[in-house]
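In what follows, a structure is listed as structure tokens, so that the remarks can point back to it.
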Ligand SMILES: Nc1ncnc2c1ncn2[C@@H]1O[C@H](COP(=O)(O)OP(=O)(O)OP(=O)(O)O)[C@@H](O)[C@H]1O
Ligand SMILES: [Zn+2]
């Protein structure tokens, strides 16, 4: 298929390239025309003269003529994007109100790393005969050739001098290490539910492939997008693996998205073990060299499967026949920076663009997917056990962190997982005498105490969650800008030394729990290591934030605990019910897998009547989703409407406000705002919202308003962030 940006077949050779310079400013509006060097096509990365500068840019289109006098590019890079990715960038820029340059930049490999070369030695054919004198050691050395020279270089150089071996530099790919978890290399025998799921996916994948190839017997209709709704532990990974193998056999590329690589080592390991070198891994934890080399393995077509978090959906694969989104409900699939793309939406775009199949899988799917996608269901656990019983524990009258029975259950459990969605030791500090609170100098938020030891609330079973700590230990940190300062010895306002620590965090809870405790949260560097050690341990407690609930498959966890199930419910957001349901149901799914015990889950809450909690406790996703969809339909929230949020940020509060007011005037009348958000990273913020029944008009109205202020004089120092359907 020819890309829509190339000229119609048989036309004149286009003489003009349209280049989008890779600059971040919204004010620079490309593309710009240049003379086309021979062979320079859509996707080429070039360096072009631009005013008095030289800029890197990407060719996004060809044209026959231009109304400008054209300059030539200064050079053409060896890197190029497949035309489908150029199309993707242009679509994405429009879809999330970003710029083509920002989107193209995400698609390219790291720019300043080059190929790594190493010396490669090979035996010269016919150079050895019966008369060649060689020592034992030399013979052993020759036996291992051809290969990298490594430590044997001096010895090999001597053989080279005798004309027996050749030594020359060769490119050697930097490969990421495989996760250190075991994974069965062979397909397991599927149960009937899984078999039916694989069959349905196979016919979709093969049907799509036949249609793409223009085969005469291609089916008239193909299921292009599917939801794999499988309860926790139902063996979805096995279904994905067989689907991926099927797409590979059909000669097509596969993208597999996981929420976060360090938290899903088992999934990655299973793909690597089963599909071998066809699998490339792309994520931000790789070194720049590894990332470059994995990118090239995909670009050259040596690797046909890309596994990774969010950004793996931007892999330079051509002819994508299958895109899998595992744990599709996870908010990690939404990009934080600009462009604020949603990997699930991009996944759907890529599948559609290449005529492939999209599979979104989860035990707790999003209402959006539940509404829009045909479903395949895996109703039972693969190990044949029932889902663990979940009990809501009313803590309204409880004055300790852990209710008595919960505490006892933790002592009795062999292996437990405990969820508390707040990291740090204490989430705020306040002077017990004058009320002074410690705040970040750059952001209007409390500083969080980290790394403090000493007496704590939970250990002493103190009547409140606050405690007076040992002064001066640990560090105060801002979770929004990274600011750090030493904790106070006394209050700067009244010189009192009674500084109260409020809000229990994971660090403090971990310090107070009995037995061997493993902690997992965003402050822990080696997350995969923690998971591995907990998995291998005979007994112990894994404590952490939501990341402990993400798809892990430990066979012998007999207890799951949610310390504060109301934390997400209290969020003033239309997704708070959905989040709470997902978190509790996912945590519950970690208990009682595979091993000898059936497991048990205890959920502490002050809202035991809440429907999302009750339905999560009953493992009833269907009823929850039906109710949630009704609620959203009534109130006009996604997926029944599109919601756009625009935030203006400026170091000068008046300027942020002024920009917000200008935007408000240029947006349709039903827009709301500008409302203040808390100051962050030294910038004052104002936010506006626009809601409408259809995505197209909402996005177009936002784009028009935002474009009208970008590049204007008042826009200096102004950062405008647009988010469509915020997570
Ligand atoms: N047919 C099968 N027979 C026996 N065990 C199986 C079968 N299929 C999968 N399993 C095992 O069941 C366990 C759960 O599988 P998997 O991790 O894929 O679940 P999942 O559906 O992704 O669950 P979650 O939503 O909780 O992540 C794994 O240990 C897997 O090896
Ligand atoms: Zn800050």
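In the numbering used here, the protein residues as written are 792 to 1518. Glycine included, C-beta positions come from ideal geometry on N, C-alpha and C. A quick note: this is a predicted structure, and the numbers were derived from the prediction, not measured.
Boundaries (first-last residue) of the beta strand (DSSP E) holding residue i
i	result
residue 825	823–826
residue 1441	1433–1441
residue 910	908–914
residue 844	844–854
residue 1468	1463–1471
residue 1048	1044–1048
residue 1217	1217–1222
residue 1152	1148–1153
residue 1482	1474–1483
residue 1337	Where residue 1337 is concerned, there is no enclosing beta strand (DSSP E), given that its DSSP letter is neither H nor E.
residue 934	Taken as a continuous stretch (DSSP letters only), residue 934 belongs to no beta strand (DSSP E), being part of the alpha helix (DSSP H) at 927–934.
residue 833	Premise fails: residue 833 is in no beta strand (DSSP E) and is neither H nor E.
residue 1509	Taken as a continuous stretch (DSSP letters only), residue 1509 belongs to no beta strand (DSSP E), as it is neither H nor E.
Own chain partners of residue i with C-beta closer than 6 Å, once the 5 adjacent residues on each side are dropped
i	result
residue 859	824
residue 1587	What the structure shows of the chain is the stretch from 792 to 1518, and residue 1587 is not part of that stretch, so it cannot be assessed.
residue 1090	1107
residue 1357	1396, 1397 and 1398
residue 1254	Caution is warranted here: a pLDDT of 32 is assigned to residue 1254, below 50, making its placement in the model unreliable, and no coordinate value can be reported.
residue 912	936, 940, 947, 956 and 958
residue 1501	817 and 818
residue 1251	Here the model assigns residue 1251 a pLDDT of 38, short of 50, so the residue's position is not dependable, and the following value carries that caveat. Excluding residues within five positions, none has a Cβ falling inside 6 Å.
residue 798	The predicted model places residue 798 with a pLDDT of 48, which falls under 50 and marks its position as unreliable; any figure quoted below should be read in that light. Correct list, in chain order: 805.
residue 921	none
residue 1037	993 and 996
Residues of its chain near residue i, where Cβ-Cβ distance is below 8 Å and the 5 sequence neighbours each way are ignored
i	result
residue 1336	1210, 1211, 1212, 1213, 1214, 1297, 1311, 1312 and 1313
residue 1359	1212, 1367, 1370, 1371 and 1374
residue 1131	887, 889, 1125, 1512, 1513, 1514 and 1515
residue 1186	1194, 1395, 1396 and 1397
residue 1169	984, 985, 988, 1019, 1020, 1021, 1022, 1025, 1026, 1027 and 1030
residue 1220	1228, 1229, 1237, 1238, 1240, 1267, 1278, 1279, 1290, 1291, 1292 and 1293
residue 1524	The structure shown has nothing for residue 1524, since the chain only spans 792 to 1518.
Residue span of the alpha helix (DSSP H) that contains residue i, given as start and end
i	result
residue 896	891–898
residue 1418	1412–1426
residue 1066	1056–1066
residue 1037	1027–1040
residue 983	983–1003
residue 1446	1444–1457
residue 1493	1486–1500
residue 1358	1357–1360
Bridge partners - residue i, DSSP secondary structure assignment
i	result
residue 939	911
residue 1075	Per DSSP, none; premise fails for residue 1075.
residue 838	847 and 866
residue 1206	1331
residue 951	According to DSSP, which records beta bridges pairwise, residue 951 is partnered with nothing at all.
residue 1352	1209 and 1393
residue 1133	1125
residue 1168	1020
residue 1099	1048
residue 1311	1335
residue 1237	1230
residue 962	908
residue 1275	1268
residue 1183	1394
residue 808	825 and 853
residue 957	913
Ligand 4 heavy atom lying under 7 Å from the CB of residue i
i	result
residue 981	Because ligand 4 does not appear in the structure shown, any question about it cannot be addressed here, the ligands present being ligand 1 and ligand 2.
Beta-carbon proximity list for residue i, same chain, < 7 Å, skipping 5 on both sides
i	result
residue 1472	1233, 1234, 1271 and 1272
residue 1506	1500
residue 1492	1458, 1459 and 1481
residue 1008	1001
Should the stretch 1231–1244 be regarded as contacting the stretch 1261–1279, the criterion being three or more beta carbon pairs within less than 8 Å?
-> yes
Tell me, please, whether the stretch 1434–1452 touches the stretch 1502–1515 by the rule of three or more beta-carbon pairs shorter than 8 Å.
-> When C-beta atoms of the stretch 1434–1452 are compared with those of the stretch 1502–1515, three or more pairs fall below 8 Å, so the two segments count as touching.
With distances taken from each beta carbon to the nearest heavy atom of ligand 2, which residues come in below 6 Å, in chain order?
-> 1231, 1233, 1234, 1269, 1271, 1272 and 1274
Decide if the stretch 1146–1154 is in contact with the stretch 1108–1121; the criterion is three or more beta carbon pairs, one per stretch, under 8 Å apart.
-> yes
Does the count of Cβ pairs from the stretch 1404–1422 and the stretch 1445–1462 closer than 8 Å reach three?
-> no
Stretch pair the stretch 1125–1145 + the stretch 1008–1018: three plus CB contacts closer than 8 Å | yes
The stretch 806–821 / the stretch 857–873 touching (three or more Cβ pairs under 8 Å) = yes
Is there contact between the stretch 1323–1339 and the stretch 1290–1307, where contact requires at least three CB pairs shorter than 8 Å?
-> yes
Count the CB pairs spanning the stretch 831–841 and the stretch 1072–1079 that are closer than 8 Å, and state whether there are at least three.
-> no
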